[in-house]
Amino acid sequence: MNIGLILIVLVVAILGYVIALYNSLASLKVKIKEAWSQIDVQLKRRIDLIPNLVETVKGYASHEKEVFENVTQARAALLGAKTPEQAGQADNMLQGALKSLFAVAEAYPELKAQEGFVNLQKELSDTEDKVAYARQFYNSVVRQFNEKIVVFPANLLAGMLGFTQEQFFEASEDEKSAVKVDF
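Start counting the sequence shown at 452; every next residue gets the next number (our numbering).
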């Protein structure tokens with residue numbers, strides 16, 4: 452009778468652990484989706500600001516056709532991104548295109564002084580901060596999830612329960628390289 456009771460308690464404990472593990476992994480999976488949607492919201496906010504910015508600069512620098520085309524292509528790539536990896540690549544492409552756009556704007560002092568342009572720049576800067584925070588939150592939740600999957604004994608059960616590691620939202624090689632300042 453004691454052996455039967457011990458066996459029942461052991462089975463209930465193991466079953467309880469499996470249920471708790473599954474629920475905690477499922478909960479983290481939902482948090483990852485929420486975190487990704489926050490990145491998506493901020494990227495879409497940036498995408499919505501870009502046409503206004505481009506139109507403002509176009510009025511002053513209509514001969515810079517290639518810069519505007521690059522911004523438009525990068526924006527379209529970001530809109531079409533489906534995974535964190537694709538979004539990261541498209542985001543990097545867009546950041547490079549925006550740098551070129553702002554370099555063009557630097558050549559037009561009257562544009563830099565225009566209130567609409569200044570407001571758009573501030574909005575874009577604010578959005579960049581929000582994107583960075585959303586990336587940080589996403590990566591933090593992904594780290595928690597991936598960590599939970601690889602530690603013992605959860606690693607023995609996570610795969611059987613259908614959980615696999617998630618991708619981090621990573622910086623490109625261009626973003627990792629040192630900024631060159633030339634005076």
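No residue lacks a Cβ here, since even glycine has one placed at the ideal position from N, Cα and C.
Apart from the five residues on each side of it in sequence, which residues of its chain come closer than 6 Å, Cβ to Cβ, to residue i?
i, result
"L504", "L571"
"A609", "I600"
"V582", "Q493"
"D491", "none"
"L575", "L500"
Only counting the same chain, and skipping five residues up and downstream in sequence, which positions put a Cβ closer than 8 Å to that of residue i?
i, result
"I483", "Y589, V592, V593, F596 and E617"
"A471", "none"
"L458", "none"
Using only the alpha-carbon positions, how far apart do residue i and residue j sit?
i, j, result
"N606", "L479", "15 Å"
"Q546", "N521", "11 Å"
"A486", "G455", "46 Å"
"F408", "V460", "A question about residue 408 goes unanswered here, because the residues of the chain that appear run from 452 up to 634."
Around the Cβ of residue i, are there at least 16 other Cβ atoms within 10 angstroms (buried) or fewer (exposed)?
i, result
"D580", "exposed"
"G539", "buried"
"N453", "exposed"
"I465", "exposed"
"A541", "buried"
"A554", "exposed"
"M544", "buried"
"V462", "exposed"
"V630", "Here V630 scores only 38 on pLDDT, less than 50, and its place in the model should not be relied on; the value that follows carries that caveat. Exposed, by the Cβ-count rule."
"Y468", "exposed"
Quick one: what's got a C-beta closer than 7 Å to residue i's C-beta in the same chain, skipping five residues either side?
i, result
"A548", "N521, V522 and A525"
"T578", "Q493, R496, R497 and L500"
- Message: Assess contact between the region 474-491 and the region 599-614, defined as three or more Cβ pairs (one per stretch) separated by less than 8 Å. Is contact present?
- Response: yes
- Item | Completely contained beta strand (DSSP E) runs for the region 461-548, where each covers 3 or more residues | none
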